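Residue 150 in the working numbering sits at position 150 of the sequence shown, and the numbers go up by one each step.
Comments concern the structure below.
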Amino acid sequence: MLEELKRKVYEANMELPRRGLVLLTWGNVSGIDRETGCFVIKPSGVDYERLTPEDMVVMDLKGNKVEGRLKPSSDTLTHLEIYKRYEQIGGITHTHSTEAVAWAQAGRDIPLYGTTHADYMFGDIPCTRNLTTEEIEEAYEANTGKVIVETLAERGINPVYTPAILCKNHGPFTFGKDAMESVHHAVILEEIAKMARYTEALNANCGHAPDNIKEKHFYRKHGENAYYGQQG
């Protein structure tokens, strides 16, 4: 079932160690097939060196395992909550990459300081609140997804325009139209986090990039009249 999607999700997962975004088993990627209402995700705790496309696990949007001999990622219910809320999201990546995690552990948004950030994210990258004890004990992973949705809604953030978020004291989740694009955004997020840290080290009072710079760089790649890259 969903053999092509399994292959694509497998390949997206394998990009994480290639890009230096994960150590050991610290990460997962999923991708969804909206027609069937099922998504494919990495199995829990399996070393990347041993991973195969056949190991990918198929889940439905009620949290039931549809196919797979292995347990799905422990973050599966977080992915599920995001997929349920945002039909425009087709892939999700979660890592514990060093630079992004540092901002999450500090409980800070990543400010938009320059054009590299603005090329891909239309505004600051938000950091969620902590889960309450009750939320952790009730359903930790599902409530992590709900807090992500809550944060995006409260701040009026479109996850297509700002396809990244930090979970406080945890780490980043990134989104895309498919699994590989969500990995692409995870790579970008890690570099943006590093640049922001260096920027503040040099000038703690530097301030955000002006809106005209932000809008120019974002919309030249993503707007109706985008002109970056080769057309057609």
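Idealized CB from N, CA, C, for every residue including glycine.
Just so you know, these numbers come straight off a predicted model, no measurement behind them.
With DSSP as the reference, identify every bridge partner of residue i, one or two as the case may be.
i, result
"residue 67", "58"
"residue 32", "39"
"residue 217", "None; residue 217 has no bridge partner."
"residue 174", "93, 164"
"residue 297", "Residue numbering for the chain in the displayed model covers 1 to 232; residue 297 lies beyond these limits and cannot be assessed."
"residue 27", "95"
"residue 72", "43"
"residue 110", "125"
Please check the pair residue i and residue j, which I expect to be a contact at CB under 8 Å, by giving their CB distance rounded to whole angstroms.
i, j, result
"residue 189", "residue 172", "6 Å"
"residue 179", "residue 9", "5 Å"
"residue 100", "residue 193", "5 Å"
"residue 149", "residue 85", "5 Å"
"residue 183", "residue 15", "5 Å"
"residue 165", "residue 111", "Between residue 111 and residue 165 the Cβ distance is about 15 Å, and since that is not below 8 Å, they are no contact."
"residue 195", "residue 116", "6 Å"
"residue 176", "residue 229", "Incorrect: roughly 17 Å between the Cβ atoms, too far for contact."
Locate the beta strand (DSSP E) running through residue i, then write down its first and last residues.
i, result
"residue 164", "164-167"
How is the alpha helix (DSSP H) around residue i delimited, first residue to last?
i, result
"residue 82", "76-85"
"residue 209", "Here residue 209 belongs to no alpha helix (DSSP H), and DSSP marks it neither H nor E."
"residue 143", "133-154"
"residue 5", "3-18"
"residue 197", "179-202"
"residue 116", "115-118"
I want to know whether the segment 100-111 touches the segment 38-45 - three or more CB-CB distances under 8 Å.
no
I'd like to know if the segment 46-65 and the segment 111-125 are in contact, where contact means that at least 3 CB-CB pairs between them fall below 8 Å.
no
Contact between the segment 89-96 and the segment 23-34 is defined here as three or more beta-carbon pairs at a separation below 8 Å; is this criterion met?
yes
Are three or more beta carbon pairs between the segment 60-69 and the segment 155-169 nearer than 8 Å?
no
Give a yes or no on contact between the segment 72-91 and the segment 138-147, applying the rule of three or more CB pairs nearer than 8 Å.
yes
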